[in-house]
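Going down the list, the protein sequences come from chains A and B.
FYI, in this note's numbering the residues of the first sequence are 1 to 472.
FYI, in this note's numbering the residues of the second sequence are 1001 to 1106.
In this text, a Cβ means the ideal position worked out from N, Cα and C, and glycines have one as well.
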Amino acid sequence: MDILVYALYIIAFAMFILGLSGLTAPKSAVRGNKFAAAGMAVAFIATLIHIRDTSSWLLIVAALVVGVIVGIPPARKVKMTAVPQLVALFNGVGGGTVALIAWGEFIQSDGFTGLHIDSGPVLALVFASLFAAIIGSLSFWGSIVAFMKLQQILPGHPLSIGRLQQPLNAILFIGSIVAAVIVGIGSVSTGASPLWFVAILILAGILGVMTGLPIGRADMPVVISLLNALTGLSAAAAGLALNNIAMIVAGMIVGASGTILTNLMAKAMNRSIVSIVAGGFGGGSGGAGAAATGAGDQVAKSTSAAAIKLAYANQVIVVPGYGLAVAQAQHAVKDMAKVLEARGIEVKYAIHPVAGRMPGHMNVLLAEADVEYDAMKEMDDINGEFSRTDVTIVIGANDVTNPAARNDPDSPIFGMPVLNVTESRSVIVLKRSMSAGFAGIENPLFFGANTTMLFGDSKKSVAQVTEELKAP
Amino acid sequence: MDYTNFLANIAILVLSGFIGFAVISKVPNTLHTPLMSGTNAIHGIVVLGALVVLGTADSPGIPLQIISFVAIVFGTVNVIGVFVVTDRTLTMFKTRPTSAATDGKN
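Printed below as a string of structure tokens:
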């Protein structure tokens, strides 16, 4: 039977790898995901065969039922704009599982002393379990904070206790390692007190919260990706400790791919992962600008001006940002694009790698509104085109269009690759108010000579422009 | 577990790391969201670990039962929830002719 279990695990992880490779192209992606899910089902069945003699069937089935009941409804009902926080939350519970597995192992083996009955790499296994405990707890609490920030339960701007932050984090980190070492040493003799294990979980958990709080919403895509990678690594460590090959392979693939993804995203912001995690980015200046007063009038006047500009354009580029997601404006944008295309105007979408709150966030939203995959351009492909573009419409994007990143060495985001929207003949910016972006940095684009600002709800503004365009 | 077994596991770990690097390097930016949620679902494999811990314990005590119960619930939420979200996100990337047709499943 054990050979069957092992064989099924091998089939399962082969399916994971195939499924993930499917995600490299939009056409095969749906199938790839289903393939990976089927692989998971195979691995699941294999595990049930493995534990077939257990006395805890009732408890296991009950837990599975509760998990399905709790997990499926939010996944089905969540709005596409809220996907980042849901993914963060789901990632968090995965990390929580790992921490609890390690805790369960600790209890079951009497503080890991049970492992010492066999000869073998016992200390390495204890080390893997402790690693899983620390990273799992950190990932759980970090993800909860990320979720609360994105869900706006906690304020989105960096929350920091100032200079004490780094020393405090260092103390928490060292503290959790010390507790882990005590548990490790205890495993050789009579076993450390369970309180030490709880101390590991608590210290790592506080560390997760403390690292999450100072991170601004603008950095969230990178942080979610990083937490995802960490959960993967901790799953691989738990797999080593449990001698479970499926967990080792799946966890490590996620850990490795997540690390690369995080790195790609950090590079897109011209920042290092370390500086993002250290946090406090742009926290000082805060969004001071007040909402424009009398915006109603101004909008009414400028939507017609904007419509006229658009009507005489040859090429229009839409630059979406988080504001588009908040206003749910993707369908309105698609409607406007349809009207423009009917007039023979070419419409493209310029997607900055870190626009939105999650990598590829904008692509998902636009795809939801049936925007063609080929019309969405990545930054490097489209940056050369702005100079040939008549009108660029910036919808709820801010920092990713900030020209200060290119020409103001004093700007905190100097050096970050941005979309060169200022090169186009004219720019229309749709924005709720004059306030600065989540990074809290002024954007000179808004004061440019050929920039038109449309304040107010971007969904309404876009709809108004579309109406004006339709009018003869 | 003996050293040979452990070292074989380490070898698998290292190779899996390289596979992870190789797979992601081919993914376009536009699919980063589904990729992240896809990998997120795959680390839902931790539910297996929770099952193994509870399932292989002889007469587990109450604390172990509670901890494993929560662990299995968490793991199931992770794996089921994210596969559903990923499927929904990916369905939106479908090319135009089919986009209206396939909504029944969700």
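- Within the model, the alpha-carbon separation for Leu203/A versus Ser176/A is close to 5 angstroms.
- In the DSSP secondary-structure assignment, Gln315/A is bridged to Glu346/A.
- Contact between Ile276/A and Val223/A is confirmed by a C-beta separation of about 7 angstroms, below the 8 angstroms threshold.
- Between Leu1051/B and Ile107/A, the CB-CB gap reaches or exceeds 8 angstroms.
- Per DSSP, reduced to three states, the secondary structure at Glu378/A is strand.
- DSSP, reduced to helix, strand and coil, places Phe455/A within a strand of the structure shown.
- Neighbours of Ile1062/B in chain A, taken as residues at a C-beta separation under 7 angstroms, are lacking, since the least C-beta distance is about 10 angstroms.
- In terms of beta-carbon proximity, Ala1011/B stays away from the interface with chain A, with every pair separated by 8 angstroms or more.
- Boundaries of the beta strand (DSSP E) around Leu430/A: Ser426 to Lys431.
- Inter-residue distance for His361/A and Met220/A is about 12 angstroms (C-alpha atoms, whole angstroms).
- Annotation: Thr1091/B to Val30/A spans about 7 angstroms, alpha carbon to alpha carbon.
- In the DSSP assignment, Thr422/A falls outside any alpha helix (DSSP H) and carries neither an H nor an E.
- The three-state secondary structure of Pro194/A, taken from DSSP, is helix.
- For a Cβ distance threshold of 7 angstroms, nothing in chain B lies close to Arg271/A: the least Cβ distance comes to about 17 angstroms.
- At least one CB of chain B lies nearer than 8 angstroms to the CB of Trp103/A.
- DSSP links Pro320/A through a beta bridge to Ile395/A.
- Burial state of Pro409/A is exposed, judged by a 10 Å Cβ sphere holding fewer than 16 other Cβ atoms.
- When the five nearest sequence neighbours on each side are left out, the beta carbons in the same chain lying within less than 8 angstroms of the beta carbon of Ser304/A are those of Glu468, in order along the chain.
- Between the segment 385-396 of chain A and the segment 307-324 of chain A, the count of Cβ pairs shorter than 8 angstroms is three or higher; the stretches touch.
- Sorting Leu264/A, Ala369/A and Lys348/A by C-alpha distance to the C-alpha of Val318/A places Lys348/A at the top.
- Counting C-beta pairs closer than 8 angstroms gives fewer than three between the segment 93-105 of chain A and the segment 161-179 of chain A, which falls short of the contact rule.
- Judged by DSSP in its simplified three-state form, Ile134/A adopts helix.
- Chain-ordered, the chain B residues with CB closer than 7 angstroms to the CB of Val364/A read Thr1033, Thr1089 and Met1092.
- Rounded to whole angstroms, Asn1040/B and Val87/A show a C-alpha spacing of 8 angstroms.
- Under the 8 angstroms criterion on CB atoms, Val87/A is classed as interfacial with respect to chain B.
- Across the set Phe1021/B, Met1036/B and Ile1010/B, the C-alpha of Met1036/B shows the shortest separation from the C-alpha of Asn228/A.
- Burial is judged here by how many other beta carbons sit within 10 angstroms of a residue's own beta carbon; Phe1018/B has fewer than 16 and is exposed.
- In terms of beta-carbon proximity, Pro121/A lines the interface with chain B, with at least one pair separated by less than 8 angstroms.
- In chain order, Met80 and Val83 place their CB closer than 8 angstroms to the CB of Val364/A, counting only its own chain and leaving out the 5 sequence neighbours on each side.
- Here the C-alpha atom of Trp57/A lies approximately 10 angstroms from the C-alpha atom of Leu48/A.
- Counting along the chain, Leu18/A sits inside the alpha helix (DSSP H) bounded by residues Asp2 to Gly22.
- With 16 or more other Cβ atoms from the protein chains shown falling within 10 Å of its own Cβ, Asp1087/B counts as buried.
- Around the beta carbon of Glu368/A, 16 or more other beta carbons sit within 10 angstroms, so the residue counts as buried.
- The DSSP-derived three-state label of Ile351/A is strand.
- Residues Val299, Ser302, Leu430 and Ser461 of the same chain have their beta carbon placed closer than 6 angstroms to that of Leu454/A, with the five preceding and five following residues left out of the count.
- Secondary structure of Ala449/A (DSSP, three-state): coil.
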